[in-house]
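Trainee: So the sequence shown is numbered by my numbering: it starts at 257 and just counts up by one. Here's a structure for you.
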Amino acid sequence: NASAMLFTSAKATHLGVLPQGQAERLSRARAMVETMETAGFGGCTNHGECEAACPKGISVDYIARLNRDYLKAVVVSQTT
């Protein structure tokens, strides 16, 4: 079910844009994605069917932001 990714990405974006949330933005993105995967929730495809089916109308733009933060977190953790 990809709708979990929409809600996860919206929450991660919400917390990440707050000034207080900047310090933990990358680690939070990584933890949220890993928790979502552990719980068995899938991701939304590039076709964006999850956006069309989302009852709250959450945009896939939030998924793009979460994916960007997650990728940064993975790269940073591998270089340190």
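Positions of the beta carbon are idealized from the N, C-alpha and C atoms, including for glycine.
Are the stretch 321-331 and the stretch 262-276 touching, with three or more C-beta to C-beta distances below 8 Å?
Mentor: yes
Trainee: Cα separation between Val308 and Pro275?
Mentor: Within the sequence shown, numbered from 1, the residue matching residue 308 stands at position 52. Within the sequence shown, numbered from 1, the residue matching residue 275 stands at position 19. Reading off the sequence, residue 308 comes out as Ala, not Val. When rounded, the distance between both Cα atoms is 31 Å.
Trainee: At the level of alpha carbons, what is the spacing between Ser283 and Ala329?
Mentor: Here residue 283 corresponds to residue number 27 of the sequence shown, with the count starting at 1. Here residue 329 corresponds to residue number 73 of the sequence shown, with the count starting at 1. The straight-line gap from Cα to Cα measures roughly 6 Å.
Trainee: Which residue marks the beginning of the alpha helix (DSSP H) containing Leu327, and which one marks its end?
Mentor: Looking up residue 327 in the sequence shown gives position 71. Element bounds for Leu327: 317-335.
Trainee: Is the beta carbon of Arg281 closer than 9 Å to that of Asp317?
Mentor: Counting from one through the sequence shown, the residue named residue 317 turns up at place 61. Counting from one through the sequence shown, the residue named residue 281 turns up at place 25. Arg281 is positioned such that its CB atom lies no closer than 9 Å to that of Asp317.
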